[in-house]
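Undergrad:
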Amino acid sequence: PDGTHYPHEECPIYAAFRDGAVHHVENEMFFRKDGTGFWVEYTSTPIRDRGRLVGAVIIFRDISQRHEADERLRAALAEVDSLRERLQQENAYLQEEMRLERNHRGVVGRSGAIQKILSQVELVARTDAAVLITGESGTGKELIASAIHEASERHVRPLIRVNCAAIPRELFESEFFGHVKGAFTGALRDRIGRFELADGGTLFLDEVGEIPLELQGKLLRVLQEGQFERVGEERTRHVNVRIIAATNKDLRREVREGRFREDLYFRLDVFPIVSVPLRERPEDIPLLALHFLGGAQRKLKTEGLKLSEGDVARLRAYDWPGNVRELQNVIERAAILARNGRLFIALPESGRPPAAVPAPAATGAGILTEAERRERDRASILAALETSRGRVSGPQGAAALLGVPATTLASRMKTLGIAPRSGTRPAPERTGG
9 PDGTHYPHEE CPIYAAFRDG AVHHVENEMF FRKDGTGFWV EYTSTPIRDR GRLVGAVIIF
69 RDISQRHEAD ERLRAALAEV DSLRERLQQE NAYLQEEMRL ERNHRGVVGR SGAIQKILSQ
129 VELVARTDAA VLITGESGTG KELIASAIHE ASERHVRPLI RVNCAAIPRE LFESEFFGHV
189 KGAFTGALRD RIGRFELADG GTLFLDEVGE IPLELQGKLL RVLQEGQFER VGEERTRHVN
249 VRIIAATNKD LRREVREGRF REDLYFRLDV FPIVSVPLRE RPEDIPLLAL HFLGGAQRKL
309 KTEGLKLSEG DVARLRAYDW PGNVRELQNV IERAAILARN GRLFIALPES GRPPAAVPAP
369 AATGAGILTE AERRERDRAS ILAALETSRG RVSGPQGAAA LLGVPATTLA SRMKTLGIAP
429 RSGTRPAPER TGG
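Taking our numbering, I'd label the letters of the sequence shown as residues 9 to 441.
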């Protein structure tokens, strides 16, 4: 197309004149007068008259459409390969999620606080609005996020969870956006980020307040424009992701102190939900305890364990600084230590976590020495006496709380040297002056 001559000795069309043979050429680019190109294939056949080469016939075929179809096919195959890789990584992620211990049975509780949360979940699930769930650790923020996702139209796509507090600072960008092979030391293959995995679904950013300030701008761009680049790649990718974030921090204070971008905060805080601490909904404690006890029995492959009225009273009297997660741990531990169908619920004397003490040498899984058993029984009786203000018998007495006859409790107290009224062990008798 630049006007230069095409030497006939190099032209495949004239090959039939040169050697008298048929020549077939595929995928040759020809150019029109206006400079636009098109793909052709052609056959050059020699013509002979009484054995003498007198000419050639050339048949051309425009194969531009075939080339375009081939290009579309190659692009489609590349897209299939990309989708296959994404599905493989997504499947691996979901398999990992299934191995983790999570409660997918729904939000448990009948309190007004829980009913309000469920109403908010139902309301916001019908939209794609960003949700910011705030509240103390252990209150069930992740469960609320799961409930929103499952009630939304995005439930057919995955809910991808990211614990922002667990990601090393230098890997944040790769974790969110992915990377290409060779992008940095250790990047041995392409990796899909969490945003791509969540495309069409929901991305749950737990502990969102831990995201480094320098990455918050890139996160904001994805939320605003729905596009990003993998680490080490210039190609811009587009995603359609619903964001649910959670934090136990006061993000307003983080904004005031310059640790969190104000524009990102407003982008996340479109629909706020407060996850209420367990101490503010004590009426839900019995339901939660029964729920966790059922799960513990299935896990331990046991049955017949029950919560007594005394167990429930003690659980409700405690203020649960660790919230629902602490309650679950207490119930599971009680199920492990249960003897003859009786639960042993060990709670600190105050609402603060107990000080760490050296663990006794294990004598076997779930096996207690006699000294350990006596100490366990003593702690349980003392706690019941404290709750009943030293009263042993009667409807509100320690025996009723423990679910045993008063005579049995009195005998056990005598054996353990526990004073019947004070709720404490008697002081040792003094000798000498």
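C-beta atoms are modelled at their ideal positions from N, C-alpha and C, and glycine is treated no differently.
(1) At the level of alpha carbons, what is the spacing between V412 and E340?
(2) Between the C-alpha atoms of S72 and E233, what's the straight-line distance to the nearest angstrom?
(3) Please state whether DSSP places T255 in a helix, a strand or coil.
(4) Quick one: Cα of G425 to Cα of D385, how far?
(5) Name the residue from L131, S52, E181, A173 whose alpha carbon lies nearest to the alpha carbon of S145.
(6) Would F236 be called buried (16 or more neighbouring beta carbons within 10 Å of its own) or exposed?
(7) Here's the rule I'm using: 16 or more other beta-carbon atoms within 10 Å means buried, otherwise exposed. How should G28 be labelled?
(8) Would you call Q123 buried or exposed, if buried means 16 or more other Cβ atoms sit within 10 Å of its Cβ?
(9) Who are the near neighbours of R165 in its chain, counting only those whose CB is closer than 8 Å to its CB and skipping five residues on each side?
(10) Measure the alpha-carbon distance for H112 versus A418 and round it to whole angstroms.
(11) How many whole angstroms separate the CB atoms of L323 and A346, which I take to be in contact at a CB cut-off of 8 Å?
(12) Per DSSP, which one or two residues make a beta bridge with D70?
(13) Using the Cα positions of V332 and V282, report the straight-line distance between them to the nearest angstrom.
(14) According to the Cβ coordinates, are R269 and L228 closer than 8 Å?
(15) For E262, which option in I67, W328, I219 has the closest C-alpha, if you only look at C-alpha atoms?
(16) Measure the Cβ-Cβ separation of V4 and R202 and say whether it is below 8 Å.
(17) Do you know how far the Cα of V116 is from the Cα of W328?
(18) Buried or exposed: where does F185 fall if 16 or more other Cβ atoms within 10 Å of its Cβ makes it buried?
(19) By DSSP, does R238 sit in helix, in strand, or in coil?
(20) Using the Cα positions of T53 and A84, report the straight-line distance between them to the nearest angstrom.
(21) What separation, rounded to the nearest whole angstrom, lies between the Cα atoms of R381 and P356?
(22) Alpha carbon to alpha carbon, what distance is there between T142 and N337?
(23) For V129, which of H246, E242, A159 has the nearest alpha-carbon?
(24) What is the DSSP secondary structure of A387, reduced to helix, strand or coil?
(25) Could you give the C-beta distance for R118 and D292, rounded to a whole number, given that I count them as a contact under 8 Å?
TA: Quick look at the numbers:
(1) 22 Å
(2) So the alpha carbons of these two residues sit roughly 37 Å apart.
(3) strand
(4) 12 Å
(5) A173
(6) It counts as buried.
(7) exposed
(8) exposed
(9) A206, D207, G208, G209, T210
(10) Model confidence at H112 stands at a pLDDT of 38, short of 50, so the residue's coordinates are unreliable and nothing is read from them.
(11) About 15 Å separates the two Cβ atoms, so there is no contact after all.
(12) According to DSSP, D70 bridges with V48.
(13) 15 Å
(14) yes
(15) I219
(16) Nothing about residue 4 can be read from this structure; the chain reaches only from 9 to 441.
(17) 17 Å
(18) buried
(19) Coil at R238, not helix or strand.
(20) A84 has its alpha-carbon roughly 37 Å from the corresponding atom of T53.
(21) When only Cα atoms are considered, R381 and P356 end up about 17 Å apart.
(22) 22 Å
(23) A159
(24) In this structure, DSSP gives A387 a helical state, which the three-state scheme calls helix.
(25) 7 Å
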